[in-house]
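Accompanying notes for the structure given below.
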Amino acid sequence: FPSHDICLLAIIIVSYNSKEITKACLDSIYEAKLILKYQIWVVDNASTDGSIKMLEGFPDVRLIKSEQNLGFARANNLAISKIDARYYLLLNSDTLVDKRGIDELVHKAIENDYGVASCRLIYPNGSFQPNGGDLPKPPAIFNWLSGLDDICRLLGVRLPSFHFSRESDFGHEVGWVTGTVMLIRRDVVEEVGVLDGKIFMYAEDVDYCWMAIAQGVKIGWITGVTITHIGGGSSKYPKIAQWRGEFGGIVYLYKKYYGGLAAVLLRVVIVLFILVRIVGFGLIGKWSYSKAYGKVIVNF
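Heads up: the sequence shown begins at 31 in our numbering, then just goes up one per residue.
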């Protein structure tokens, strides 16, 4: 790793009423015994579950106490504004780090000249968890919403898709990577700026990669590094919150990059495909999915 008088890596974790899983995340970082020079910063978004007391029990953790729930983007931005580091690692509180994983993530990002990077994620049961794809431009969005990407993949044809679903789709430059584990180089922050604070949660990672690519930054997904993501750490109904947040985030991005009319049209298209999914899952007997999508569409 290159030597420098500032911290090489700042690990930034946003915590909100997730005391136990945040503690497990911190424990996993310390147990990994990282070789590189690093700092851990935690932004607590006004938790009420005793998280502050728990975090104060980690003397090496630099704690930022927010008096309100800033959401994901603004909380990370708050930390970034206070840190002098070569790399920033945005790390969800509901992740578990493998030994040497973070060391390898930074090393391979440097080796491949990735300005933004992530790595392989798995669920607690060991199964692969997709965490990236192509930028959500119209072809990729349509293929993803319609399921055309999955159908063509079965025929051996790869179409642009907002969400990659198979591990074989990864392992190279991609359009975006998830904020669950997102490594950002310092000069990218200086050139692109920080996350869009208007996004409370969901799609801020996609938006950041979109802005970075526009500046010629390489977005990479790194093989050989695995991190466990539990998922839904601070949400009672993670799937519903995730789907609703993701759909809303995409609509926001279309308004930001393509204008208001495009956003309205996309919203209509999303609603139509949600209705198709409700009916489709009902027909094959997956009522839990039908009900979940029904709840998504109610407040979308």
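C-beta atoms are modelled at their ideal positions from N, C-alpha and C, and glycine is treated no differently. Note that this is a predicted model, so its numbers are computed, not measured.
Cα atoms of residue 83 and residue 49: separation of roughly 9 Å, rounded to the nearest angstrom. Within the same chain, Cβ atoms closer than 8 Å to the Cβ of residue 202 are found at 250 and 251, the five residues on either side in sequence being excluded. Between residue 242 and residue 222, the C-beta gap is smaller than 8 Å, which places the two residues in contact. Minimum Cα-Cα distance from residue 270 among the listed residues 285, 111 and 325 corresponds to 325.
Distance from the CA of residue 198 to the CA of residue 188, rounded to the nearest whole angstrom, comes to 11 Å. The DSSP-derived three-state label of residue 231 is coil. Taking residue 43 as reference, the option from 61, 156 and 106 with the minimal CA-CA separation is 106.
Note that the region 222-234 touches the region 99-113; at least 3 beta-carbon pairs, one per stretch, sit closer than 8 Å. Here residue 322 is buried, its C-beta having at least 16 other C-beta atoms within 10 Å.
The closest CA to that of residue 109, considering only 132, 158, 139 and 73, is found on 73. Residue 149 and residue 256 have their C-alpha atoms some 6 Å from each other.
Taking 8 Å as the cut-off, the Cβ atoms of residue 164 and residue 248 do not count as close.
Taking residue 260 as reference, the option from 38, 51, 39 and 40 with the minimal CA-CA separation is 51. A contact is defined here as three or more CB-CB pairs under 8 Å, and the region 205-220 meets this definition with respect to the region 110-122. For residue 103, the uninterrupted alpha helix (DSSP H) run begins and ends at 101-110, by DSSP.
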